[in-house]
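Asker:
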């Protein structure tokens, strides 16, 4: 940000009066607390999109930490709304915070562009939310279908986190497996503060599963995989989207990752197209980190917003209409709203080969409608 | 049976690391009767320090240990100078707040310096796995238990058998009396802070390999230390160590039968029961006011 | 203070943006929660870690009833106050007898269990995601939208809560709680029901927290487990300490400062919490007694006027036997501290209690005043069996005692310390202070009234302690080594005061080692040795009794100041 503000200010000064009245695009994401890793990816993705915006389109946009409480999120939104005309808000991926911000966003008439997976945020009948990441209904369908259809497994053991992320994912996994005629042989929630995961692993294995299905945050995913490697796990593991984050893989030896797969919206580090490779390059250059799917989703979302502004959207309401009606070919996938604000309908499965920490794309699921609860 | 043994080893390793956290906490508590709420964040800082040093010193974690002990002891002195000494004649809750503030600074400082990603510190010796019959015991678990045991033993030796230890104990028991007997109380308090923080640093190194470290890792640890010290009897050093071991074994043991939320709930339930039956902690702190 | 409140009002009405108003609203919510904590922790000294949990409980009651059943505040708000109260009462009964940190841990355990339930009962609470769609605060058709109306509502409720809290803090409850905080044993011996006071404070704090929690969800319009998490508790504690312990104004100042502080540095993005931490550290270093303490140091309040002395009403003049002890026994882990001791003190009589160290003198006094329960035997006070009654009941039955080491609250003035003894009897603090003034005047210590107890020399501390006992007009007074450390002139003065009290009909039991002081004063002497009665009779007899001389009078002249006979 420190590097970006002078840049943005400089761009504005060079371009003279802003063409689109210099709409601002505040970034309200969790930079502290347990979701700071994902929040930082969101921030970086959004800022990269804003940085690459055509000159004069964007007014200086504040980055506001929302921490982990709904209270901080709504306060941040109110603060952002007070700082001049806003085009759209890059909003927290923490479901609870989104739920808190939605009524206020409707009152303030501000589109919220997020990568939150929490299913219920697009079920509130609120026209101001746009999710540029497949919701749990999509990813968990892909997750379950890969396990059942590709791996041909019928006895999954599900281990999930007792957080909003984990509970929402577990609900959708359950439904997706049921739709495929499979019943998990084991399901248990794990507190994110739990240090030793051998107990839950032992219990899961004693249910005699043929595949381990994880839906955990980054740290616990790595913890469980390491524990599994130590105890010589024989069955395959299909993890949740946290596994695809490069920082998760960085915690483990490549060998410990052998045979592990994960669902995600995209895996920018895996490449796939020159545009994705270019994104990964400029992301590394700007932030000194590897990008993940959350960064790419947020980047795609802000790009679509900026495209709308460039195409003539003059206000937040114009942006909302453009997002609701338009289609955008992003780097991760093609985005269009399903009428509720779900923009992303594709998910991928990536797998690690045990030699590098960069996963390979093995399966793509497009136009998944999923089982919406 | 094999599973039970493996769970026991894991529980002991976790408990040994918790014990170091609780030990640092209780030493400072005894010397100053102040609750050092930054202890959990100091553990995190120790872990982050190990992560930062690892690329500079490409040797096993065991070589990092003395460096970390030293740097963290320095940090402990700083902590005492900034957050304790100016408030030593104030109600203890002032120190509670000042250490909360230091914890916030440490946590967010680490986030800015290292980023929010979970990090892994180098293992103490190696990250191999010893196979004993059907039991897979990670070398790191064994190393944690050994190193924690050695450090706790060293602390005990210093306190029980040296001139410095006698002075430290005198300061902890009755600062007024110690001062009257010519013990440099302020210096002893500084030394206690240094030892307590070095313990936290060692715990950070031990935990940050097997369980990783994030800037927010401290919050949970301080709760565990607090529970351990209270269960063991407020101010009792062996009580704190045993309390920490019990908590870890309970955590691993109960969650291997029931789920984690149940284990956590049971932990607090048992705690309340213990307090009902033994209001002075498991090992008691037999201090009755004289009328 | 009024000017500051007006300035705040002007800011809210004319200058604050919607964002500013929201921050102000949140500050009001936390001020409300902190009021309750000021009563429980600030005044009562109980470090409860459940204040955040009660906050969350109030929040969940409003959140669940509001979002699921669409009920308005006329139903949800009272229930949000009631639910924490209903949880606080049984929890309080169970854990309030625990000492400081054990109490803190127990309340922390309760808070963690509530948090676990909120996360793991998704059907009721919405799980970790919580429940969206909590309606705005609505009462009989009137809705408080966000912005000025909500800020006004929250601060209106906070003003009412703050005023109630202020009245309580300055009144008998607040004073009694301070006494309980500083010295629960002494508070009990002064006739205060420590358990009930603590429970009252705990229940009050829960009601305040519940109200704050309810308003918090009306402000943020969702309820999720974050309201039950530890940071809420830490924020409330920090507000109380940084603002000024035990002060309602402190809660307001602390909440305004701590809720605004991070917002001021928001622009620093990730580093803002580092600055916040540093500012918090600075605040506690610069103002260790809180913002109110700092303000009082900068602008010292004018010295208060002394109340006029009013003689407290005395009961009917007691006659006959006031205190009777029958065959009292008490053991500590196999050591018989008291072994079949009997004793009788008539109205107007002074009885001396002597014996070597460890003979059971202090144990006897502790049993008589209710601090220890006897194993066997009976204690009659004023003709009623009071065996095993708690200290406050015994105190209210007319027994007063002093302690070997005078236990006066350090930060209080002498007048306040003595007035504390009248709190169980008088209707207001003002009345108690008028009676305290009378007691001080009577002992010729009226000029001490406004001195702080801290730093008072030993002789004066004893005088104040005696005034404390006297102010209550007890029918029987137990004094534990009242002459220790006094000069001969002071002893003579003390003896004169004690004689006058006896002449007025009070029964006195005096423990003393100084025979030259004691024997001329008393009409009867009881000498204990290893818990048994060695001698009971007139003082002259004691001087001549061979057993007494062997055990005590003739023993070594050196005596230890500390009297470890109760095994402490």
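Residue numbers (our numbering), protein chains in the order written: chain R, 1 to 373; chain D, 1001 to 1291; chain L, 2001 to 2568.
All residues carry an ideal CB built from backbone N, CA and C; glycine is no exception.
#1: With 7 Å as the limit, tell me which residues of the stretch 1086-1107 of chain D have their beta carbon closer than that to any beta carbon of chain L; keep them in chain order.
#2: Between the C-alpha atoms of residue 263 (chain R) and residue 346 (chain R), what's the straight-line distance to the nearest angstrom?
#3: Cβ of residue 2176 (chain L) less than 8 Å from any chain D Cβ?
#4: Helix, strand or coil, according to DSSP, for residue 2336 (chain L) in the structure here?
#5: Please report whether the beta-carbon of residue 2276 (chain L) lies at a distance below 8 Å from any beta-carbon of chain D.
#6: What residue range does the alpha helix (DSSP H) around residue 1220 (chain D) cover?
#7: Suppose the cutoff is 6 Å on Cβ atoms and the five residues either side in sequence are ignored; what does the same chain contact list for residue 2425 (chain L) look like?
#8: Residue 168 (chain R) touches chain L at which residues, Cβ-Cβ below 8 Å?
#9: Quick one: which unbroken alpha helix (DSSP H) runs of 4-plus residues sit fully inside the stretch 1252-1277 of chain D? Chain order, please.
#10: Compile a chain-ordered list of the residues in the stretch 1047-1058 of chain D whose CB is closer than 9 Å to at least one CB of chain L.
#11: Run the CB neighbour count on residue 42 (chain R), radius 10 Å, all protein chains shown included, and call it buried at 16 or more, exposed below.
#12: Could you give the DSSP three-state label for residue 130 (chain R): helix, strand or coil?
#13: From the DSSP output, read off the bridge partner residues of residue 2099 (chain L).
#14: Kindly indicate which three-state DSSP category residue 1234 (chain D) falls into: helix, strand or coil?
#15: Shortest alpha-carbon distance to residue 2356 (chain L) belongs to which of L:2092, L:2099 and L:2530?
#16: Could you name the residues of the same chain whose beta carbon sits closer than 8 Å to that of residue 185 (chain R), not counting the 5 residues immediately before and after it, in chain order?
#17: Once the 5 residues before and after residue 2312 (chain L) are set aside, which same chain residues still bring their CB inside 6 Å of it?
#18: Taking 8 Å as the CB-CB limit, is residue 2273 (chain L) close to chain R?
#19: Is there at least one Cβ from chain R nearer than 8 Å to residue 2120 (chain L)'s Cβ?
#20: Taking C-alpha atoms, which residue in L:2271, L:2337, L:2087 and L:2060 lies nearest to residue 1107 (chain D)?
#21: Would you mind giving the Cβ-Cβ distance between residue 118 (chain R) and residue 2129 (chain L), rounded to the nearest angstrom? I have them listed as a contact below 8 Å.
#22: Who are the neighbours of residue 1265 (chain D) on chain L, taking C-beta pairs under 9 Å?
#23: Which residues, in order along the stretch 1019-1042 of chain D, keep a beta-carbon less than 9 Å from a beta-carbon of chain R?
#24: Nearest to residue 30 (chain R) by CA position, among R:144, R:69 and R:58, is which residue?
#25: Is there contact between the stretch 2271-2283 of chain L and the stretch 1097-1113 of chain D, where contact requires at least three CB pairs shorter than 8 Å?
#26: Which bits of chain L does residue 1227 (chain D) rub up against, with CB to CB less than 7 Å?
#27: Any beta carbon from chain D within less than 8 Å of residue 2102 (chain L)'s own beta carbon?
#28: Quick one: list the residues of chain L neighbouring residue 1157 (chain D), beta-carbon separation under 9 Å, in chain order.
#29: Got a sec: which bits of the stretch 182-198 of chain R sit with their beta carbon under 8 Å from any beta carbon on chain D, in order along the chain?
#30: Let me see if you follow: with CB-CB separation under 8 Å, is residue 1136 (chain D) close to chain R or not?
#31: Got a sec? Which residues, its chain only, sit under 7 Å from residue 2147 (chain L) by beta carbon, not counting five neighbours each side?
#32: DSSP on residue 270 (chain R), reduced to helix/strand/coil?
#33: Residue 1947 (chain L) touches chain D at which residues, Cβ-Cβ below 8 Å?
#34: Measuring straight from C-alpha to C-alpha, what distance separates residue 2291 (chain L) and residue 2189 (chain L)?
#35: What separation, rounded to the nearest whole angstrom, lies between the Cα atoms of residue 2383 (chain L) and residue 2397 (chain L)?
#36: Mind checking residue 2024 (chain L): buried by the 16 CB within 10 Å criterion, or exposed?
Answerer: Result, derived from the coordinates:
#1: Cβ contacts with chain L: 1086, 1087, 1090, 1093, 1094, 1097, 1098, 1100, 1101, 1102, 1104 and 1105.
#2: Answer to the nearest angstrom: the Cα atoms are 11 Å apart.
#3: With 8 Å as the cut-off, residue 2176 (chain L) does not count as an interface residue toward chain D.
#4: In the structure shown, residue 2336 (chain L) sits in a strand (DSSP, three-state: E or B).
#5: The Cβ of residue 2276 (chain L) sits closer than 8 Å to at least one Cβ of chain D.
#6: Per DSSP, the continuous alpha helix (DSSP H) segment holding residue 1220 (chain D) begins and ends at 1218-1231.
#7: Within the same chain, no Cβ atom closer than 6 Å to the Cβ of residue 2425 (chain L) is found once the five residues on either side in sequence are excluded.
#8: Residues of chain L with a Cβ closer than 8 Å to the Cβ of residue 168 (chain R) are, in chain order, 2129.
#9: DSSP runs (the alpha helix (DSSP H)) wholly in the stretch 1252-1277 of chain D: 1260-1277.
#10: Legend: CB atoms of the stretch 1047-1058 of chain D lying less than 9 Å from CB atoms of chain L are not found in any residue.
#11: Residue 42 (chain R) comes out buried.
#12: Strand, per DSSP.
#13: In the DSSP secondary-structure assignment, residue 2099 (chain L) is not bridged to any residue.
#14: Under the three-state reduction of DSSP output, residue 1234 (chain D) falls in the coil class, being neither helix nor strand.
#15: Per the C-alpha coordinates, the member of L:2092, L:2099 and L:2530 positioned closest to residue 2356 (chain L) is L:2530.
#16: Counting only Cβ-Cβ distances below 8 Å, and skipping sequence neighbours, we find 155, 156, 157, 207, 208 and 209.
#17: Beyond the five residues adjoining it in sequence on each side, residue 2312 (chain L) comes within less than 6 Å, by CB distance, of 2435 and 2473 in the same chain, given in chain order.
#18: Yes, residue 2273 (chain L) lies at the interface with chain R (some Cβ there is under 8 Å from its Cβ).
#19: At a cut-off of 8 Å between beta-carbon atoms, residue 2120 (chain L) makes contact with chain R.
#20: If you compare the alpha carbons of L:2271, L:2337, L:2087 and L:2060 with that of residue 1107 (chain D), the shortest gap goes to L:2271.
#21: Residue 118 (chain R) to residue 2129 (chain L), Cβ: 6 Å. Contact.
#22: Against chain L, a Cβ distance below 9 Å from residue 1265 (chain D) picks out 2112, 2113, 2116, 2117 and 2120.
#23: Taking a C-beta cut-off of 9 Å against chain R, none of the residues of the stretch 1019-1042 of chain D qualify.
#24: Comparing Cα-Cα distances from residue 30 (chain R) to each of R:144, R:69 and R:58, the minimum goes to R:69.
#25: Enough Cβ pairs lie closer than 8 Å, so yes.
#26: In chain order: 2105.
#27: For residue 2102 (chain L), a Cβ of chain D is located within less than 8 Å of the residue's own Cβ.
#28: Ordered by position in chain L, no residue passes the 9 Å Cβ test against residue 1157 (chain D), which lies about 28 Å from the chain.
#29: The stretch 182-198 of chain R vs chain D, Cβ under 8 Å: 188, 189, 190, 191, 193, 194, 195, 196 and 198.
#30: So yes, residue 1136 (chain D) belongs to the interface.
#31: Within its own chain, the residues whose Cβ lies closer than 7 Å to the Cβ of residue 2147 (chain L), once the five positions on either side in sequence are excluded, are 2018 and 2021, listed in chain order.
#32: Taken through DSSP and simplified to helix, strand or coil, residue 270 (chain R) comes out as helix.
#33: Any answer about residue 1947 (chain L) is impossible in this case: the structure gives chain L only from 2001 up to 2568.
#34: When rounded, the distance between both Cα atoms is 34 Å.
#35: Residue 2383 (chain L) and residue 2397 (chain L): Cα-Cα distance of roughly 10 Å.
#36: Residue environment analysis places residue 2024 (chain L) among the buried positions, since at least 16 neighbouring C-beta atoms fall within 10 angstroms of its C-beta.
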